[in-house]
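Before any comments, here is the structure.
There are 2 protein chains.
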Amino acid sequence: MAVSEWSEDQLNAAFAALADPVRRALIARLSRSPATVNELAEPFPITKQAVSKHIQVLEQAGLITRTRNGQRRPCHLDPAALEAVTGWIDKQRLIAEQRFRRLDAVLEILKEKEP
Amino acid sequence: MAVSEWSEDQLNAAFAALADPVRRALIARLSRSPATVNELAEPFPITKQAVSKHIQVLEQAGLITRTRNGQRRPCHLDPAALEAVTGWIDKQRLIAEQRFRRLDAVLEILKEKEP
DNA sequence: AAAATAATCAACCGATAGGTTTATCAAACG
DNA sequence: CGTTTGATAAACCTATCGGTTGATTATTTT
Numbered sequence: 383m384a385v386s387e388w389s390e391d392q393l394n395a396a397f398a399a400l401a402d403p404v405r406r407a408l409i410a411r412l413s414r415s416p417a418t419v420n421e422l423a424e425p426f427p428i429t430k431q432a433v434s435k436h437i438q439v440l441e442q443a444g445l446i447t448r449t450r451n452g453q454r455r456p457c458h459l460d461p462a463a464l465e466a467v468t469g470w471i472d473k474q475r476l477i478a479e480q481r482f483r484r485l486d487a488v489l490e491i492l493k494e495k496e497p
Numbered sequence: 383m384a385v386s387e388w389s390e391d392q393l394n395a396a397f398a399a400l401a402d403p404v405r406r407a408l409i410a411r412l413s414r415s416p417a418t419v420n421e422l423a424e425p426f427p428i429t430k431q432a433v434s435k436h437i438q439v440l441e442q443a444g445l446i447t448r449t450r451n452g453q454r455r456p457c458h459l460d461p462a463a464l465e466a467v468t469g470w471i472d473k474q475r476l477i478a479e480q481r482f483r484r485l486d487a488v489l490e491i492l493k494e495k496e497p
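Residue numbers (the numbering used here), protein chains in the order written: chain R, 383 to 497; chain X, 383 to 497.
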């Protein structure tokens with residue numbers, strides 16, 4: 383999926399989901415291998431319910447998917463979804479760096495001194 | 383600066399700063415050119431004070447810097463700071479994609495079916 | 001059938017994030 | 001000087017977020 387096709391809401395949800403350090407740790411864990419809620423919750427000093435909520439946020443944001451296997455609902459990281467985020471950032475960064483390369487920066491500093 | 387040298391706090395602040403859509407819009411604006419608080423606030427339906435707070439968050443996170451020119455305090459995007467964020471994400475994504483490429487995914491799905 | 005396990009739901013709670021209004025400060029300008 | 005202008009500080013309000021406890025559902029296991 384091309385970056386430009388990601389809706390603003392999706393992007394928003396993804397950024398918001400990644401803002402929490404616990405959720406980032408969950409993502410880092412899931413980048414190694416899929417895992418169930420119980421497995422994910424084990425290393426954290428918070429309740430399983432809290433982790434369950436975090437996982438719902440990640441799923442809602444499209445960053446993870448879940449399969450079903452009996453009572454277990456393993457979580458899988460969706461690496462492609464992370465591209466929405468890096469895509470947005472890289473876009474801004476490239477625009478800014480292009481500007482620098484064109485030496486507009488020098489002109490801008492001079493322009494600031496003007497009325 | 384290498385990605386691994388970014389402190390957890392810096393990373394946290396950067397992710398948190400980017401979680402807000404207004405702040406992302408400010409970043410997008412600043413990727414085009416530096417701007418003052420008044421200029422930045424103009425297109426938004428919120429007060430200048432609110433925008434000023436957002437800018438402080440971005441500055442605290444190291445995503446923007448500010449110069450001084452009389453009463454004006456223009457904001458400049460720091461494109462390098464954005465690399466802390468994309469760096470973390472790309473790391474997780476690469477780990478996950480490597481795993482897929484090794485066809486571990488197939489084994490994992492089989493393993494899920496086991497007791 | 002009964003008990004254990006995986007996960008979620010529901011209700012609640014304290015902290016904080018984002019917003020406002022009002023007041024203040026410092027530089028520019030008539 | 002007095003006043004406008006750019007930016008911030010302080011106090012406050014409200015919604016949301018991250019967390020808890022307790023109960024519930026659905027699947028396994030014995």
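The beta-carbon is built from N, C-alpha and C at its ideal position, and this holds for glycine as well.
Identify whether R/Pro497 lies in helix, strand or coil by the three-state DSSP scheme. Unreliable positioning characterises R/Pro497 in this predicted model, as indicated by a pLDDT of 46, which lies under 50. The coordinate reading is nonetheless provided below. DSSP places R/Pro497 in coil when its eight states are reduced to three.
Taking R/Leu534 as part of the alpha helix (DSSP H), name the residues at either end of that continuous run. Missing from the structure shown is residue 534 of chain R; chain R here goes from 383 to 497 and no further.
Which of helix, strand or coil DSSP assigns to X/Arg448: strand
With three or more beta-carbon pairs closer than 8 Å as the criterion, would you say the stretch 422 to 433 of chain X touches the stretch 470 to 477 of chain X? no
Express the C-alpha separation of X/Leu464 and X/Glu390 in angstroms, rounding to a whole number. 14 Å
Where R/Asp391 falls: helix, strand or coil (DSSP): R/Asp391: helix per DSSP, three-state reduction.
Neighbour-count burial assignment, R/Thr429, 16 or more Cβ in a 10 Å radius: exposed
Whose Cβ in chain R lies nearer than 8 Å to the Cβ of X/Pro427? Within chain R, no residue comes near X/Pro427; the closest Cβ sits about 16 Å away, beyond 8 Å.
X/Gln474 versus chain R: which residues are under 9 Å apart at the beta carbon? Arg406, Ile409, Ala410, Leu412, Ser413, Leu459, Pro461, Leu464
Of the listed residues R/Ser415, R/Thr447, R/Gln442, nearest to X/Leu476 (C-alpha basis): R/Ser415
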